[in-house]
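Comments concern the structure below.
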Amino acid sequence: MSKKKNIIIVILMAIVIYGLSIAGFVLKDKDFSESERRTLTKFPKFTWETADSGEFMEKFEKYTLDQFPLREQFRSLKAGFSMYILGQKDNNDYYIKNGYVSKLEYPLNESSIEYAATCIDSIYNKVLADTDCKIYGVIVPDKNYYMSDGYPSLDYEKMYDIVESRLPYISFVDVKPLLSIEDYYKTDTHWRQEKITDVADTLLDKMGAEKPVRNYTEQTNTKPFAGVYYGQIGLKVPTEELHYLTNSVLDSCTLFDMENNKTLGIYDLEKGQGSDPYDLFVSGAKKPVMVITNPNATTDKELVIFRDSFGSSIAPLLAESYAKITLVDTRCIQPGYLATFLKLENQDVLFLYSTMVLNNSVELLK
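Positions 0 to 365 (numbering that gives the first Met the number 0) are the ones given, in order, by the sequence shown.
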């Protein structure tokens with residue numbers, strides 16, 4: 000009986016191993032992982048040079064990992080086993096707490112904070128130093144600030160102290176007390192637009208701009224929202240809804256994309272159906288210069304926002320109080336080129352960056 004049992008086990012293992020191997024050769028390679036939001040590795044080109052250097056085998060290993068049959072199912076199995084059977088608190092630095100998914104962000108990278116401050120200094124020296132602009136700043140806490148109890152986390156207070164002491168010409172607005180974990184998406188890094196009208200009002204108060212009535216209609220993007228952490232965690236978690244706020248003033252606003260010489264609405268509904276629906280807000284981040292124009296403005300005040308992706312969803316909430324808002328992402332344009340696009344004299348200027356970007360600031364340009 001024991002011999003038969005062993006034979007059956009060997010046969011089953013052979014079926015699994017050879018079956019997966021054959022499937023790997025037969026099945027068509029996938030181009031993109033929707034859950035991970037990334038392009039998958041294709042079979043590498045073989046040359047004697049790449050074989051001799053080891054480059055071919057390195058790329059081939061990545062290819063086999065990316066194109067392995069039932070890859071998503073095995074990822075989920077591994078994550079579930081690690082967290083629910085072995086009792087690990089995270090899976091490859093991703094964790095779930097009270098239904099919210101996040102990624103561990105630690106330790107504090109002081110050299111990165113210093114580099115980010117140097118980049119902001121570069122902007123100030125090149126286009127702001129000799130102007131009458133009023134300069135404000137917001138450091139948006141990532142959601143670990145509100146959910147990392149029991150997990151390693153950044154020394155947030157030290158980060159804020161370093162940035163504020165390094166940039167004395169910026170009047171910082173503390174938004175931490177205005178936020179809670181419920182103001183963030185469960186599967187994504189970003190804050191929810193419908194939850195941050197109080198943050199927008201606080202900023203407008205600080206900048207001396209008139210607050211709008213905020214008579215909004217809350218719209219729901221038709222595509223279910225699976226944020227950046229949805230696929231990274233490796234577990235089955237629910238999708239959620241992405242809401243955006245509209246009214247007659249916002250509907251009349253235009254958004255000009257200088258890079259592509261294209262005029263859009265303040266919400267890009269086509270992007271809302273793409274791989275990252277959060278790009279619905281002002282057509283997404285990582286755009287060098289975008290300009291919001293409000294034809295119904297009751298003021299001639301202008302605002303310039305140097306920002307990361309957190310600025311995308313709050314910009315429309317500030318648009319009613321300004322005739323023009325210029326959005327600049329200095330991950331895409333060097334400060335030396337800003338004078339070509341910006342004529343800064345007496346505008347309000349807002350530096351708005353998340354703690355994640357400041358702690359990983361290598362993409363910022365100076």
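Backbone N, C-alpha and C fix where the C-beta goes; we use that ideal spot for every residue, glycine too.
Exercise for review: Going by CA-CA distance only, name the one from N293, I84, N90 and E57 that's closest to L234.
Suggested key: N90
**Study point:** Nearest-angstrom beta carbon gap, P294 and S399 [assumed within contact, 8 Å]
**Key:** The question about residue 399 has no answer here: the residues shown for the chain are numbered 0 through 365.
Check your understanding: Alpha carbon to alpha carbon, how far is Q87 from S101?
Key -> 15 Å
**Study point:** Short Cβ contact (8 Å threshold) for L317 with L302
**Key:** yes
Point to revise | Buried or exposed by the 16-neighbour rule on C-beta atoms within 10 Å, applied to G226 | key: buried
Review point. Per DSSP, what kind of secondary structure is A22 in: helix, strand or coil?
Key: Note that A22 scores 49 on pLDDT, short of 50, meaning its location in the model is unreliable; the coordinates nonetheless yield the value given after this. A22: helix per DSSP, three-state reduction.
Practice item. With a 10 Å radius around its C-beta and 16 neighbouring C-beta atoms as the bar for buried, classify V212 as buried or exposed. Key: exposed
Practice item. Would you list the residues sitting across from Y114 in a DSSP beta bridge? Key: DSSP output for Y114 lists no bridge partner at all.
Check your understanding: Buried or exposed: N358, going by 16 or more other Cβ atoms within 10 Å of its Cβ?
Key -> buried
Check your understanding: Mind checking whether F114 and L103 have CB atoms under 8 Å apart?
Key -> The residue asked about is misnamed: residue 114 is Tyr in this sequence, not Phe. Result no, Cβ atoms of Y114 and L103 do not sit closer than 8 Å.
Practice item. Take D141 and list the residues in its own chain whose beta-carbon comes closer than 7 Å to its own, dropping the five residues that flank it on each side. Key: E104, T188, S353, T354 and M355
Review point. Do the CB positions of L166 and A116 come within less than 8 Å of each other?
Key: yes
Check your understanding: Near T292, what residues of its chain come up, given a Cβ to Cβ distance below 6 Å and the 5 sequence neighbours on each side ignored?
Key -> T253 and K323
Practice item. Tell me where the beta strand (DSSP E) around S353 begins and ends. Key: D347 to S353
Point to revise | Rounded C-alpha distance that separates K96 from D299 | key: 46 Å
Point to revise | Buried versus exposed call for F45 [16 or more other C-beta atoms within 10 Å across all chains shown] | key: exposed
Check your understanding: Got a sec? Which residues, its chain only, sit under 8 Å from Q290 by beta carbon, not counting five neighbours each side?
Key -> The displayed chain sequence assigns Val, not Gln, to residue 290. Within the same chain, V290 has close Cβ partners L254, F255, M257, K323, I324, T325 and L326.
Check your understanding: Would you call V198 buried or exposed, if buried means 16 or more other Cβ atoms sit within 10 Å of its Cβ?
Key -> buried
Check your understanding: If you drop the 5 nearest sequence neighbours on each side, which residues of the same chain put their C-beta closer than 6 Å to that of Q231?
Key -> Y93
Exercise for review: Scan the stretch 233 to 303 and note each continuous beta strand (DSSP E) run of 3 residues or more that stays entirely inside, going in chain order.
Suggested key: 242 to 245, 253 to 256, 261 to 264 and 288 to 292
Exercise for review: Indicate the three-state DSSP secondary structure (helix, strand or coil) for Y105 in the structure shown.
Suggested key: coil
Exercise for review: Please report how far the alpha carbon of A22 lies from the alpha carbon of I122, in whole angstroms.
Suggested key: Any reading at A22 is ruled out, since the residue's pLDDT is 49, under 50, leaving its predicted position unreliable.
Exercise for review: Grab the span of the beta strand (DSSP E) containing N135 for me, first residue to last.
Suggested key: What sits at residue 135 in the sequence shown is Tyr, not Asn. Counting along the chain, the beta strand (DSSP E) containing Y135 begins and ends at K133 to V139.
Check your understanding: Between R191 and H242, which are expected to be in contact by the criterion C-beta below 8 Å, what is the C-beta distance as a whole number of angstroms?
Key -> 7 Å
Practice item. Counting only the same chain and skipping the five closest in sequence on each side, list residues whose C-beta sits under 6 Å from that of Y183. Key: K142 and W190
Review point. What is the DSSP secondary structure of V356, counted as helix, strand or coil?
Key: helix
Check your understanding: Looking only at C-alpha atoms, which of D275, L351 and L279 sits nearest to L244?
Key -> L279
Point to revise | Selected residue, minimal CA-CA separation from D173, among E239, K133 and D200 | key: D200
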